[in-house]
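Student: Below is a structure I'd like to ask you about.
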Amino acid sequence: MLKREYIIGELDTIVGKVPQVSTTWSNTDVWSTIKVRWSIGRMNYKVKQGLYAVGNPDKSSSIFVTANYKLSFDHIRLALKGIDAWMLVLDTKGINVWCAAGKGTFGTKELSYRIKAHGLEKLVDHKKVIVPQLGAVGVAAHEVKSKTGFTVMYGPVLAEDIKAYISSGYKVTAEMRKVRFTLMDRVKLIPVELSYGKYYLLLVPAVFFILAGLNPHGYSIDLAWENGSLSIIYLLVAYFSGCVLTPLFLPWIPFRSFSLKGLFTGWLTAGIIFYFLSRSTNIIEIISWFLMMGSISSFLSMNFTGTSTYTSLSGVQKEMKISLPAQIIAAGIGFITWIILRFL
Amino acid sequence: MDTLVYLKNVVTLQLDQQKCSGCKMCINVCPHEVFGFKDKKAFIAIKDHCMECGACKINCPEGAINVKTGVGCAAGVINGLLKGTEPSCDCSSKGNCC
C-alpha cells in the first residue's frame with residue numbers, strides 16, 4: 001500500500017471515523033501518475049476501499065462512487081475541490097472503473113454491499129449515489145435500488161465534468177455522456193503501448209543481430225555488425241509504427257480495421273526506410289522485410305483495439321479471423337526468406 | 345472526427361421495442377449515443393457506433409435489450425484463444441492488462 005499522504009484528517013460521523021482526503025495532488029501523486037502511464041507498478045496502484053470525506057460533508061451531501069485504482073480516486077478528489085461530498089470507493093482490486101465494470105468487480109454486488117456496510121442510509125438522508133457513467137457496464141441501477149433502496153444516478157464520464165454536473169442541478173448533458181478518443185487521449189496511451197513489448201524488445205533484435213552474421217562460409221562478426229544493426233533499425237521502426245504512429249494518427253489513417261491501419265503505417269515506414277536508407281538492398285531482402293515489418297506493425301496496431309474506446313468484440317473478432325493468421329504467415333515467410341538469403 | 349466508427353454491420357445489439365417502457369436508462373448509460381427516443385420508446389439510432397459494452401443491457405429493467413458483450417480487445421481475444429475460454433482481459437496472473 002502506498003504512503004497515504006492524500007489523507008489530511010478524520011471526520012467523526014454517525015457511522016464512525018471517516019478519513020478526509022486532500023483535493024490537490026502532491027508531487028508524489030504527479031510522479032506516480034507519470035510512472036503508471038509507463039506501466040511501472042500499474043497493477044498495484046491502489047487505495048484502500050471504503051468511505052472518504054471531501055471537505056466537510058453532512059447528511060445532505062452527495063455520494064460519489066469510484067474504484068480503488070489510485071488514478072481514478074485521484075481524479076475524483078481533484079474534481080471535487082471546493083465541494084463537500086462523500087466518496088465511496090469500491091474494491092476493484094486496483095482496476096479502473098471501466099475495466100472493473102467489464103469484469104464485474106465494479107458492480108451491483110460490490111456497490112450494494114458497500115452501501116450497506118458503510119451505513120450510508122444513516123450517513124445521508126437522500127438515498128442517492130452518483131456512479132460514473134462508465135461504471136454502468138457492471139451496475140444494474142434497478143437491482144441496486146431493490147437491494148438497498150438507493151437510487152443510482154449516472155454521472156458524467158469524465159471527472160472533470162463533475163463541477164458542471166453539480167452546478168447544473170445534477171443534469172448530465174449528451175456531451176458529458178459521450179466517450180471520445182482525442183489526440184491527447186491517444187498521446188497519453190502511447191507509453192503503455194511502448195512498454196507492451198517488454199523483454200521481446202531486447203530478445204527479438206538480439207536474435208536478428210546474431211543470425212545476421214551467418215553466411216555461406218560460416219559466421220562473420222563483421223556481417224553481424226553491418227546487417228544486424230540494420231535489422232535492429234528495421235525492427236524498431238516497425239515497432240514504432242505499430243505502437244506510436246497508428247495510435248497517434250488513428251483517425252486519419254485509411255481503413256477501419258486496426259490491422260489494416262497497422263499494415264499501412266508499417267509499409268509506409270518500411271517504404272521510407274528502404275527508399276532513403278537502404279536503396280541498394282537486394283529486392284528479395286526488401287520483400288522479406290516488408291512482410292516482417294508489415295506483420296509487426298499490423299499486430300501491434302491490432303492490439304491497440306483494447307486501448308481504444310470504440311471497438312466492439314464482434315468487430316475485433318471479425319478482423320482477427322483474417323489478420324492474425326495473415327500476420328503469422330507473412331512474418332514466417334519473411335523470416336524464413338531472410339534466413340535463406342544469409343546462405344545465398 | 346467527433347465519433348470514430350469501427351467496422352460496419354458487425355454489432356450484435358438488439359432492442360425489443362415491444363418490451364420498452366420508455367425509462368431512457370439505455371440512453372443515460374450509452375457512451376456512444378447509439379439510442380434515440382421517439383413515441384415514448386427507445387430505438388437504435390446508430391448501430392455501428394455500438395462497442396458492445398453491455399451497459400444498456402444490464403441497466404434495462406424490462407430486459408428489452410440484448411447484445412453479446414465482451415472486450416473489444418485483440419489481446420483479450422488471443423488470451424481467450426490460448427486458454428480456450430471466452431475473450432477475456434483477465435490476465436491478472438501475468439500482472440499486465442487493462
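Residue numbers (the numbering used here), protein chains in the order written: chain A, 1 to 344; chain B, 345 to 442.
The beta-carbon is built from N, C-alpha and C at its ideal position, and this holds for glycine as well.
Bear in mind the structure is a predicted one, so any value in this text is a computation, not a measurement.
Looking at chain B, which residues of the segment 311-340 of chain A have a Cβ within less than 7 Å of any of its Cβ atoms?
Tutor: Residues passing the 7 Å Cβ filter: THR311, SER312, LEU313, SER314, GLY315, VAL316, GLN317, LYS318, GLU319 and MET320.
Student: Which same chain residues, not among the five before or five after ASP74/A, have their C-beta less than 8 Å away from its C-beta?
Tutor: If you number the first sequence from 1, residue 74/A lands on position 74. TYR6, TRP25, ASP29 and THR33, listed in sequence order.
Student: Pairing CB atoms from the segment 55-64 of chain A with CB atoms from the segment 74-94 of chain A, are three or more of them under 8 Å?
Tutor: Counting Cβ pairs under 8 Å, three or more are found: they touch.
Student: When you compare each of VAL21/A, ILE76/A and ASN96/A to MET43/A by their alpha carbons, which one comes out closest?
Tutor: As a first step, residue 43/A must be located in the first sequence, where it is residue number 43. Selected option, being the one with the closest Cα: ASN96/A.
Student: Would you please state the rounded distance, in angstroms, between the beta carbons of PRO247/A and PHE299/A? I believe it to be under 8 Å.
Tutor: Stepping through the first sequence from its first residue, residue 247/A is reached at position 247. Stepping through the first sequence from its first residue, residue 299/A is reached at position 299. Not really, about 14 Å apart at Cβ, beyond 8 Å.
Student: Roughly how many whole angstroms lie between the Cα atoms of GLY332/A and LEU324/A?
Tutor: Taking the first sequence and counting its residues from 1, one reaches residue 332/A at position 332. Taking the first sequence and counting its residues from 1, one reaches residue 324/A at position 324. One C-alpha to the other measures close to 12 Å.
Student: Would a C-beta distance cut-off of 8 Å place ALA79/A and GLY135/A closer than the cut-off?
Tutor: One-based indexing of the first sequence puts residue 79/A at position 79. One-based indexing of the first sequence puts residue 135/A at position 135. Not a contact, by the Cβ cut-off of 8 Å.
Student: In terms of alpha-carbon separation, which member of LYS122/A, ALA141/A, PHE343/A and LEU123/A lies closest to LYS109/A?
Tutor: Numbered from its first residue, the first sequence carries residue 109/A at position 109. Of the candidates LYS122/A, ALA141/A, PHE343/A and LEU123/A, the one whose C-alpha sits nearest the C-alpha of LYS109/A is ALA141/A.
Student: Report yes or no: is there a C-beta of chain B within less than 8 Å of the C-beta of GLY242/A?
Tutor: Counted from its first residue, the first sequence places residue 242/A at position 242. Chain B contact via Cβ: absent.
Student: Specify the secondary structure class of ILE409/B as computed by DSSP and reduced to three states.
Tutor: Locating residue 409/B in the second sequence gives position 65, counting from the first residue. If DSSP states are grouped into helix, strand and coil, ILE409/B belongs with the strands.
Student: Report yes or no: is there a C-beta of chain B within less than 8 Å of the C-beta of PRO247/A?
Tutor: Taking the first sequence and counting its residues from 1, one reaches residue 247/A at position 247. No, PRO247/A does not count as interfacial toward chain B.
Student: Please classify LYS128/A: is it buried, with 16 or more other beta-carbons within 10 angstroms of its beta-carbon, or exposed?
Tutor: As a working note, residue 128/A is residue 128 in the first sequence. Looking at its Cβ environment, which holds fewer than 16 other Cβ atoms inside 10 Å, LYS128/A is exposed.
Student: Quick check on GLU396/B: does DSSP put it in helix, strand or coil?
Tutor: As a first step, residue 396/B must be located in the second sequence, where it is residue number 52. If DSSP states are grouped into helix, strand and coil, GLU396/B belongs with coil.
Student: Quick one: list the residues of chain A neighbouring THR429/B, beta-carbon separation under 8 Å, in chain order.
Tutor: For the purposes of this step, residue 429/B is taken as the residue at position 85 of the second sequence. Correct list: empty, because the minimum Cβ distance to chain A is about 13 Å.
Student: Taking only three categories from DSSP, how would you classify GLN133/A?
Tutor: If you number the first sequence from 1, residue 133/A lands on position 133. In this structure, GLN133/A counts as helix in the three-state DSSP scheme.
Student: Which stretch, first to last residue, makes up the beta strand (DSSP E) that contains GLN317/A?
Tutor: Counting from one through the first sequence, the residue named residue 317/A turns up at place 317. Unbroken run through GLN317/A is the alpha helix (DSSP H), 313-342; no beta strand (DSSP E).
Student: Quick one: does PHE290/A have its CB under 8 Å from some CB of chain B?
Tutor: As a first step, residue 290/A is located in the first sequence; it is residue number 290 there, counting from the start. No, because no Cβ of chain B sits closer than 8 Å to the Cβ of PHE290/A.
Student: Name, going along the chain, the residues of the segment 174-186 of chain A whose beta-carbon falls closer than 8 Å to a beta-carbon of chain B.
Tutor: Flagged, chain order: ALA174, ARG177, LYS178, VAL179, ARG180 and PHE181.
Student: From this set, LEU51/A, GLY107/A, THR23/A and TRP38/A, which residue's C-alpha is nearest ARG77/A's C-alpha?
Tutor: Numbered from its first residue, the first sequence carries residue 77/A at position 77. With distances taken between Cα atoms, ARG77/A lies closest to THR23/A.
Student: For GLY407/B versus GLU396/B, is the C-beta spacing smaller than 8 Å?
Tutor: Here residue 407/B is taken as the residue at index 63 of the second sequence, counted from 1. Here residue 396/B is taken as the residue at index 52 of the second sequence, counted from 1. No. Outside cutoff.
Student: Would you grab the beta carbon distance between MET320/A and ALA418/B for me? Rounded to a whole angstrom, and I think it's under 8 Å.
Tutor: Translated into positions along the first sequence, residue 320/A becomes position 320. Translated into positions along the second sequence, residue 418/B becomes position 74. About 6 Å; that satisfies the 8 Å criterion.
Student: So, helix, strand or coil for TYR234/A, using DSSP?
Tutor: Within the first sequence, numbered from 1, the residue matching residue 234/A stands at position 234. Correct three-state label for TYR234/A: helix.
Student: How long is the line joining the alpha carbons of CYS367/B and LYS385/B, rounded to whole angstroms?
Tutor: Mapped onto the second sequence, residue 367/B falls at position 23. Mapped onto the second sequence, residue 385/B falls at position 41. Going by the C-alpha atoms only, they are around 8 Å apart.
Student: For VAL454/B, which residues from the same chain have a beta carbon less than 6 Å from its beta carbon, with the 5 sequence-adjacent residues on both sides left out?
Tutor: Outside the displayed range of chain B (345 to 442) lies residue 454/B, so it cannot be described from this structure.
Student: Our contact map puts HIS288/A next to TRP338/A with C-beta atoms below 8 Å; I'd like the distance itself, whole angstroms only.
Tutor: Locating residue 288/A in the first sequence gives position 288, counting from the first residue. Locating residue 338/A in the first sequence gives position 338, counting from the first residue. The displayed chain sequence assigns Ser, not His, to residue 288/A. SER288/A to TRP338/A, Cβ: 4 Å. Contact.
Student: Starting from the beta carbon of LEU359/B, find every residue of chain A whose beta carbon is closer than 9 Å, and list them in chain order.
Tutor: Counting from one through the second sequence, the residue named residue 359/B turns up at place 15. Within 9 Å Cβ-Cβ: nothing; LEU359/B doesn't reach chain A, min ~16 Å.
Student: Check the Cβ of LEU202/A against every Cβ in chain B and list those closer than 9 Å, keeping chain order.
Tutor: Within the first sequence, the letter at position 202 stands for residue 202/A. By Cβ distance, chain B contributes nothing, its closest Cβ being about 17 Å from LEU202/A, past 9 Å.
Student: Is the CB-CB distance between ALA258/A and MET302/A below 8 Å?
Tutor: Here residue 258/A refers to the residue found at position 258 when the first sequence is read from its first residue. Here residue 302/A refers to the residue found at position 302 when the first sequence is read from its first residue. Contrary to the premise, residue 258/A reads as Phe rather than Ala in this sequence. It is a contact, given that the beta carbons lie within the stated cut-off.
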